[in-house]
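Chains as they are written, first to last, in full-length UniProt numbering: chain A, 1 to 182; chain B, 1 to 114. Cβ atoms here follow ideal geometry from the backbone N, Cα and C, with glycine treated the same way.
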Amino acid sequence: MAEQALRKAPLGGFHGGSAAAHVTAAGPASRLSLRAGTDAVTALSKALGLDLPTKPKTSASSDARHALWLGPDEWLLIDENGADLAALAAKADVLHSAVDVSHRNTAVLVAGTKAAAAIASASPHDLSPSVFPVGACARTVLGKIEVVIFRTGEQDYRVECWRSFAPYAFGLLAEGAEDAGL
Amino acid sequence: MLLIYCPYCEEERSELEFRHGGDAHIARPTNIADITDEEFAEFFFLRDNPKGLIFERWRHIHGCGRFFNAARDTVSDKFYASYKAGEPKPDLSAVHPATEKTVETYEATEGTAK
Chain A
1 MAEQALRKAP LGGFHGGSAA AHVTAAGPAS RLSLRAGTDA VTALSKALGL DLPTKPKTSA
61 SSDARHALWL GPDEWLLIDE NGADLAALAA KADVLHSAVD VSHRNTAVLV AGTKAAAAIA
121 SASPHDLSPS VFPVGACART VLGKIEVVIF RTGEQDYRVE CWRSFAPYAF GLLAEGAEDA
181 GL
Chain B
1 MLLIYCPYCE EERSELEFRH GGDAHIARPT NIADITDEEF AEFFFLRDNP KGLIFERWRH
61 IHGCGRFFNA ARDTVSDKFY ASYKAGEPKP DLSAVHPATE KTVETYEATE GTAK
């Protein structure tokens, strides 16, 4: 028998949630952990094709590519089309650190009228629209793990977590979604 | 649950996102090779452990990842101020009374009860 290495999605086959909060695994995407000083932001923004946000908890999106503010000199870039973000960043001839974390992270999508309640069942972060509007993002904790929560729509959230924690995150969110749907 | 204001994220976040980082404003001696063992021990190991106002380093490890400084009351756990690393100690005499100098020893607290 021919030996074949099959690449499996970290959350392949997982399903859960409720009518009020759907929990699904996000499709594959390329991701980049980018760190750079304030003097490099303009050049990197140009190379990556979107304006890197410099205000806390904000993000920028352009054509399925998202730049999420994580810290004063740190961003998480996600490209749902799978572009080679590290190569793009390298085109900017400025000092920066870019680490490809496409396979370190995976994401769980939570959507529905009670999506915020499903996430709030395990996370202390305030998701009310006044402080966490559409486009807001934050690194925080979910149960016992660290996640990045990104609000992609009024009732849509993307929860980025580390690959090895994905079953835990998914299970916790699915439980929260069931409780929120009661 | 405590809410701690992160000066980099510019909002209050849950204490679960933070990690304590010891006393703030500990200056490393510039002549570290010349000082005596006693002076080194004073700088390296000895801390005041005050009852009342203390200035500490905190790290927003599950948030922006940054170290910052905060003024906390060790009795009530109330945070009086937090400010970015590198900034000077804020003047808190208006919002917090002077730190009690009394040290609670057995003799001081139990002495009269005998």
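Notebook entry, point to check: Quick one: is GLY71(A) near chain B, going by C-beta distance under 7 angstroms?
Noted result: yes
Notebook entry, point to check: So what does ASP73(B) bridge to, in DSSP terms?
Noted result: LEU53(B)
Checklist line | Nearest-angstrom Cβ-Cβ length linking LEU46(B) and VAL141(A), presumed shorter than 8 angstroms | finding: Actually they are not in contact, since the Cβ atoms of LEU46(B) and VAL141(A) sit about 34 angstroms apart, beyond 8 angstroms.
Check: Listed in chain order, which residues of the segment 99–124 of chain A have Cβ atoms closer than 8 angstroms to some Cβ of chain B?
Finding: PRO124
Notebook entry, point to check: If you follow the beta strand (DSSP E) that PHE44(B) is part of, which residue opens it and which one closes it?
Noted result: Segment 37–44 is the alpha helix (DSSP H) holding PHE44(B); no beta strand (DSSP E) there.
Checklist line | Helix, strand or coil at ILE61(B) according to DSSP, with G and I counted as helix | finding: coil
Item checked: Start and end residues, beta strand (DSSP E) containing LEU88(A) -> Run containing LEU88(A): none in the beta strand (DSSP E); it sits in the alpha helix (DSSP H), 85–90.
Check: By DSSP, does ARG163(A) sit in helix, in strand, or in coil?
Finding: helix
Item checked: Beta-carbon neighbours of GLY65(B), restricted to chain A and to distances below 7 angstroms -> GLY71 and GLU74
Notebook entry, point to check: In chain A, which residues lie less than 9 angstroms from GLU42(B) when you measure between Cβ atoms?
Noted result: Neighbours of GLU42(B) on chain A: none; closest Cβ ~34 angstroms, over 9 angstroms.
Margin query: For LYS46(A), report the span of its alpha helix (DSSP H) as first-last.
Written below: 41–48
Check: Relative to chain D, which residues along the segment 1–26 of chain B have a C-beta separation below 8 angstroms, given in chain order?
Finding: Here chain D cannot be found, since the structure's protein chains are A and B.
Notebook entry, point to check: In three-state terms, what does DSSP make of PHE79(B)?
Noted result: strand
Next item on the list: For GLU80(A), I'd like the list of residues in its chain whose CB is within less than 6 angstroms of its CB, leaving aside the five on either flank, ordered along the chain.
Entry: ALA29 and ALA64
Item checked: Where ASP179(A) sits in the DSSP three-state scheme -> helix
Check: Can you give the Cα-Cα distance for GLY171(A) and CYS9(B), rounded to whole angstroms?
Finding: 29 angstroms
Checklist line | Nearest-angstrom Cα separation, counted from ARG13(B) out to ALA177(A) | finding: 23 angstroms
Notebook entry, point to check: What does ASP156(A) pair with, by DSSP beta-bridge criteria?
Noted result: ALA111(A) and GLY153(A)
Notebook entry, point to check: Which word fits VAL148(A), buried or exposed, when buried means at least 16 other C-beta atoms lie within 10 angstroms of its C-beta?
Noted result: buried
Notebook entry, point to check: When you compare only the Cα positions, how much space is there between ARG72(B) and ASP126(A)?
Noted result: 23 angstroms
Next item on the list: With DSSP as the reference, please indicate the residues paired to SER93(B) in a beta bridge.
Entry: SER93(B) is not bridged to any residue.
Checklist line | Cα-Cα separation, GLY16(A) to CYS161(A) | finding: 17 angstroms
Next item on the list: Tell me where the beta strand (DSSP E) around HIS22(A) begins and ends.
Entry: 22–25
Checklist line | Contact list for THR140(A) against chain B, beta-carbon separation under 7 angstroms | finding: GLU17, HIS62 and GLY63
Notebook entry, point to check: Which first and last residues belong to the beta strand (DSSP E) in which GLU11(B) is found?
Noted result: 11–14
Check: The beta strand (DSSP E) spanning GLU80(A) covers which residue range?
Finding: Run containing GLU80(A): none; DSSP gives neither H nor E here.
Next item on the list: Answer with yes or no whether the minimum CB distance from GLU146(A) to chain B is below 7 angstroms.
Entry: yes
Notebook entry, point to check: Nearest to SER2(B) by alpha carbon, out of ASP77(B), THR36(B) and GLU39(B)?
Noted result: Residue 2(B) is actually Leu in this sequence, not Ser. Nearest C-alpha to LEU2(B): ASP77(B).
Check: Smallest Cα separation from ARG31(A): which of ALA87(A), ALA2(A), TYR168(A) and ASP51(A)?
Finding: ALA87(A)
Next item on the list: Only counting runs of 3 or more residues, tell me where the beta strand (DSSP E) segments fall wholly within the segment 55–80 of chain A, in order along the chain.
Entry: 59–62, 65–71 and 74–79
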